[in-house]
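Novice:
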Amino acid sequence: MKRVIHLIVAILLCLSLVSCSSVQNTPIPSPTPEAAQENQGTEVEPIDENTGQGEEQEKIIRIFCYNDEVKQIIEKFMELHPDFGYDIKIITEYAFGCIDRSVIVNNLMNGAYDMEPPDMFSIEVDYIYPYTHGSNYRFAAPYEELGIDVDTLVKEAGIPRYMVEAGTNRDGKLVALGYQNYAGAFIYRRSIAKKVWGTDDPDVIGNIIGPGWDKFLKAAADLKAKGYGICSGIEDIWMPFERNSEQGWIKDGDIVIDPKREAFLDYARILVENGYTNNTASWSDEWYSDMRGEGKKQIFGFFGPVWFVHYILESYSGGEKPGEGTYGDWAVCDPPEGFFWAGPMILANKNTKHKEAVGEIIRWITLDTSESGLQYLWATGAFGEKRDLPAAAAVAGKLECRTVFMGGQDLFEAYLSASEHARGMGLSEHDDYISHEFIQEAMAYANGQKSRNEAIEDFKKNAADRYAWFSGLLKKESTGTGQNDGSRAGD
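Here is the structure:
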């Protein structure tokens, strides 16, 4: 698996190529057949003027997979279903060079690159909103149109509420689900917990650091008294605030700040002023050093989903067995406020000619809880040495995932608990680039470089400029109909 690489690339793209990630239908040169062949077996299918005529054409399903992981899942489906009756042509982002995947999908769905639009595609949950309520709403097919008994299977599988909410469109129809549970939790150092509070029990620690941010700050004060920081930097707490907002960034064409996001300014300032962190930036060398316990002061914990434990924290713990770095010194508890972060969602093209066949693939990926379904295979390590948490609680609840790195704690049990607190309503169309602008101003305020009012005013100006640029580009480049400003209902 290359989830770590893709995650870091996605974040760097979000932060440094914001303008690219916001473009809807920007013309991009078509990938060459040679490039396609050189990149992970990707197959690029040119448009055939006779598409839809003849048995051979009718038996092809085209799928865009934004990473190797989704590609491997599709290949596993074909392996387990030799009588499926369709050829599958996989297109991955590698055929397009260093271009933001959101731009790739938007162009593919609009028939760019001289290719048929994919029948099925994957989008990271952080960017799903345009396909459920926003500018690309028209592309996503409701699962019920694919022959999937949505109400029954979602309930039987125990799909977490936040995922259903995030994948439901403005008509109340489910159009997307993930195959993994990416709810977030608080991941903390056992040794520090024992020194400060005399226990490392997750239930006890969860009640010390939350629920609620005032308890989190009280815990931070306790830790500081013993010489520790509660988290590495203020960006660590951003995602729980972001994912619990109720208002999108845009209302009637103006920039607005949801009260939950605005509260982040104050908590960030308190963390910095009181020395409760090492004041690092996420994804920096200093941030990784804190995972190894090598920062200015020892840091108590980080926020993240199961993938963060497996592919970030463990990788940067500074060891491979207990006693090396911080390896084996970690545990998970419920966060002060529920959230989710990153991970693929699976969608179908509303105009696919193969709805039932596409529905069969999607049902196997997201809702099949049998031992031959992806949910069980995902949870039992069929795709690598790491056992990841499936979306289906009906599967995860029957299994355990105990690792030496986590001191023997059952990760599945811990994260099933954390996922109960997450909500999926805190997404909006322009989160990627506008949230970045807000975080930059929050950091300036927290570090005393600007007053609170200055930070807010500068944010609104910069965000408005960015939104105006985006809106103009969208109107200029859009080739479809039925587009809107992407704001949430009531925005």
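Per mature numbering (1 follows the signal peptide of the UniProt record, and there is no 0): the sequence shown = residues -25 to -1, 1 to 466.
All C-beta atoms, glycine included, are put in the ideal place defined by N, C-alpha and C.
Which residue comes first and which comes last in the beta strand (DSSP E) that contains S292?
Specialist: Residue mapping note: residue 292 aligns to position 317 of the sequence shown, counting from 1. Per DSSP, S292 lies in no beta strand (DSSP E) and is assigned neither H nor E.
Novice: Between K201, R113 and A160, which has its C-alpha nearest S166's C-alpha?
Specialist: Translated into the one-based positions of the sequence shown, residue 166 becomes position 191. Scanning K201, R113 and A160 for the CA closest to the CA of S166 turns up K201.
Novice: So what does DSSP say about Q155, is it helix, strand or coil?
Specialist: One-based indexing of the sequence shown puts residue 155 at position 180. Correct three-state label for Q155: strand.
Novice: Whose C-alpha, out of A389, Y41 and G208, is nearest the C-alpha of G270?
Specialist: Your numbering for residue 270 matches position 295 in the sequence shown. Selected option, being the one with the closest Cα: G208.
Novice: Within 10 Å of its beta-carbon, does W262 have 16 or more other beta-carbons around it, so buried, or fewer, so exposed?
Specialist: Along the sequence shown, one-based indexing puts residue 262 at 287. Taking a 10 Å sphere around the C-beta of W262, we find 16 or more other C-beta atoms and assign the residue as buried.
Novice: Reducing DSSP to helix, strand and coil, say where W305 ends up.
Specialist: As a working note, residue 305 is residue 330 in the sequence shown. Strand at W305.
Novice: Going along the chain, which residues of its own chain have a beta-carbon closer than 8 Å to the beta-carbon of P135, five neighbours each way excluded?
Specialist: Along the sequence shown, read from residue 1 onward, the residue named residue 135 stands at position 160. Around P135: N156, A158, A366, A368, S394, E395 and A397.
Novice: Going by other Cβ atoms of all chains shown within 10 Å of its Cβ, with 16 needed for buried, is R236 buried or exposed?
Specialist: By one-based count along the sequence shown, residue 236 stands at place 261. Looking at its Cβ environment, which holds 16 or more other Cβ atoms inside 10 Å, R236 is buried.
Novice: My output table needs one value for M84: the three-state DSSP class, helix, strand or coil.
Specialist: The residue labelled residue 84 in the question sits at position 109 within the sequence shown. Residue state, collapsed to three classes: helix.
Novice: Since L364 and Y390 should fall inside the 8 Å C-beta cutoff, what is the C-beta to C-beta distance between them, to a whole number of angstroms?
Specialist: Stepping through the sequence shown from its first residue, residue 364 is reached at position 389. Stepping through the sequence shown from its first residue, residue 390 is reached at position 415. At roughly 5 Å, the Cβ-Cβ gap stays under 8 Å, so L364 and Y390 are in contact.
Novice: For the alpha helix (DSSP H) containing I414, name the first residue and the last one.
Specialist: Position 439 of the sequence shown, counting from 1, holds the residue named residue 414. Counting along the chain, the alpha helix (DSSP H) containing I414 begins and ends at D406 to A421.
Novice: From the DSSP output, read off the bridge partner residues of F96.
Specialist: For this step, residue 96 is matched to residue 121 along the sequence shown. DSSP lists F39 and L322 as partners of F96.
Novice: Taking I123 and I337 to be in contact with their CB atoms under 8 Å, please state how far apart those CB atoms are, rounded to whole angstroms.
Specialist: Along the sequence shown, read from residue 1 onward, the residue named residue 123 stands at position 148. Along the sequence shown, read from residue 1 onward, the residue named residue 337 stands at position 362. Indeed, because the Cβ distance is near 7 Å, the residues count as touching under 8 Å.
Novice: DSSP has L149 in a bridge; who is on the other side?
Specialist: Numbered from 1 along the sequence shown, position 174 holds the residue referred to as residue 149. Paired residues: T143.
Novice: Let's test the definition: count the other Cβ atoms within 10 Å of the Cβ of G219 and tell me whether it reaches 16, buried, or not, exposed.
Specialist: Stepping through the sequence shown from its first residue, residue 219 is reached at position 244. First, the amino acid is wrong: residue 219 is Asn here, not Gly. The residue is buried, with at least 16 neighbouring Cβ atoms inside 10 Å.
Novice: One question on the structure: do N214 and F314 come within less than 8 Å of each other, judged by their Cβ atoms?
Specialist: The residue labelled residue 214 in the question sits at position 239 within the sequence shown. The residue labelled residue 314 in the question sits at position 339 within the sequence shown. The amino acid occupying residue 214 in the given sequence is Met; Asn does not appear at that position. For M214 and F314, yes; Cβs fall inside 8 Å.
Novice: Please say whether L246 and A195 have beta carbons closer to each other than 8 Å?
Specialist: Within the sequence shown, numbered from 1, the residue matching residue 195 stands at position 220. Within the sequence shown, numbered from 1, the residue matching residue 246 stands at position 271. Yes, these two residues count as a Cβ contact at 8 Å.
Novice: Quick check: D211 and F278, are their CB atoms within less than 8 Å of each other?
Specialist: By 1-based counting over the sequence shown, the position of residue 211 is 236. By 1-based counting over the sequence shown, the position of residue 278 is 303. Yes, they are a contact pair.
Novice: Would you tell me roughly how many angstroms separate the C-alpha atoms of I48 and A419, rounded to the nearest one?
Specialist: Here residue 48 corresponds to residue number 73 of the sequence shown, with the count starting at 1. Here residue 419 corresponds to residue number 444 of the sequence shown, with the count starting at 1. Straight-line Cα distance between these residues: approximately 43 Å.
Novice: So, for K51: in the same chain, excluding its five sequence neighbours on each side, which residues have a beta-carbon less than 8 Å away from its beta-carbon?
Specialist: In the sequence shown, counting from the first residue as 1, residue 51 sits at position 76. Same-chain partners within the cutoff: L349, L352, A357 and F358.
Novice: For A354, report the span of its alpha helix (DSSP H) as first-last.
Specialist: On the sequence shown, residue 354 is found 379 positions in, with the first residue counted as 1. Element bounds for A354: L349 to A354.
Novice: What number of angstroms, rounded off, separates the C-alpha of H329 from the C-alpha of N253?
Specialist: Looking up residue 329 in the sequence shown gives position 354. Looking up residue 253 in the sequence shown gives position 278. The C-alpha of N253 is placed about 53 Å away from the C-alpha of H329.
Novice: Where does K64 sit, in a helix, a strand or coil, going by DSSP?
Specialist: For this step, residue 64 is matched to residue 89 along the sequence shown. Note: K64 maps to strand in three-state DSSP.
Novice: Look at S347 and L128 and say whether their C-beta atoms are less than 8 Å apart.
Specialist: Translated into positions along the sequence shown, residue 347 becomes position 372. Translated into positions along the sequence shown, residue 128 becomes position 153. Contact: no.
Novice: My output table needs one value for Y163: the three-state DSSP class, helix, strand or coil.
Specialist: As a working mapping, residue 163 is identified with position 188 in the sequence shown. Shown here, Y163 sits in a strand according to DSSP, grouped into three states.
Novice: Relative to the alpha-carbon of S97, which residue among G153, F59, P297 and E429 has its alpha-carbon at the smallest distance?
Specialist: Here the question's residue 97 lines up with position 122 in the sequence shown. Out of G153, F59, P297 and E429, G153 has the C-alpha closest to the C-alpha of S97.
Novice: Among D62, D233, A87 and K425, which has the Cα closest to the Cα of R37?
Specialist: Taking the first residue of the sequence shown as 1, we reach residue 37 at position 62. It is D62 whose Cα lies nearest to the Cα of R37.
Novice: Between which two residues does the beta strand (DSSP E) holding G359 run?
Specialist: Locating residue 359 in the sequence shown gives position 384, where the first residue counts as 1. Taken as a continuous stretch (DSSP letters only), G359 belongs to no beta strand (DSSP E), as it is neither H nor E.
Novice: Is the Cβ-Cβ distance between K325 and A87 less than 8 Å?
Specialist: The count along the sequence shown starts at 1 and reaches residue 325 at position 350. The count along the sequence shown starts at 1 and reaches residue 87 at position 112. No, Cβ-Cβ distance for K325 and A87 is not below 8 Å.
Novice: Return the chain-ordered list of same chain residues with a C-beta closer than 6 Å to the C-beta of G318, the five sequence neighbours on each side being excluded.
Specialist: By 1-based counting over the sequence shown, the position of residue 318 is 343. For G318, where only same-chain residues beyond five positions count, the Cβ hits under 6 Å are V100, G153, Q155 and Y157.
Novice: Since G276 is in the beta strand (DSSP E), which residue starts that stretch and which ends it?
Specialist: Position 301 of the sequence shown, counted from the start, is the residue given in the question as residue 276. Here the beta strand (DSSP E) through G276 covers G276 to G279.
Novice: Would you mind stating whether Y286 and G294 have Cβ atoms separated by less than 8 Å?
Specialist: Counting from 1 along the sequence shown, the entry for residue 286 is found at position 311. Counting from 1 along the sequence shown, the entry for residue 294 is found at position 319. Not a contact, by the Cβ cut-off of 8 Å.
Novice: Within 10 angstroms of its Cβ, does E91 collect 16 or more other Cβ (buried), or is it exposed?
Specialist: For the purposes of this step, residue 91 is taken as the residue at position 116 of the sequence shown. E91 is buried by the Cβ-count criterion.
Novice: Could you give the distance in angstroms between the alpha-carbon of E44 and the alpha-carbon of T67?
Specialist: The residue labelled residue 44 in the question sits at position 69 within the sequence shown. The residue labelled residue 67 in the question sits at position 92 within the sequence shown. In a straight line, the C-alpha of E44 is about 11 Å away from that of T67.
Novice: Taking only three categories from DSSP, how would you classify A70?
Specialist: What you label residue 70 is simply residue 95 of the sequence shown in a count that begins at 1. Helix, per DSSP.
Novice: F380 lies in the alpha helix (DSSP H); which residues open and close that run?
Specialist: Start at 1 with the first residue of the sequence shown, and residue 380 comes out as number 405. Counting along the chain, F380 falls outside any alpha helix (DSSP H), and DSSP gives it neither H nor E.
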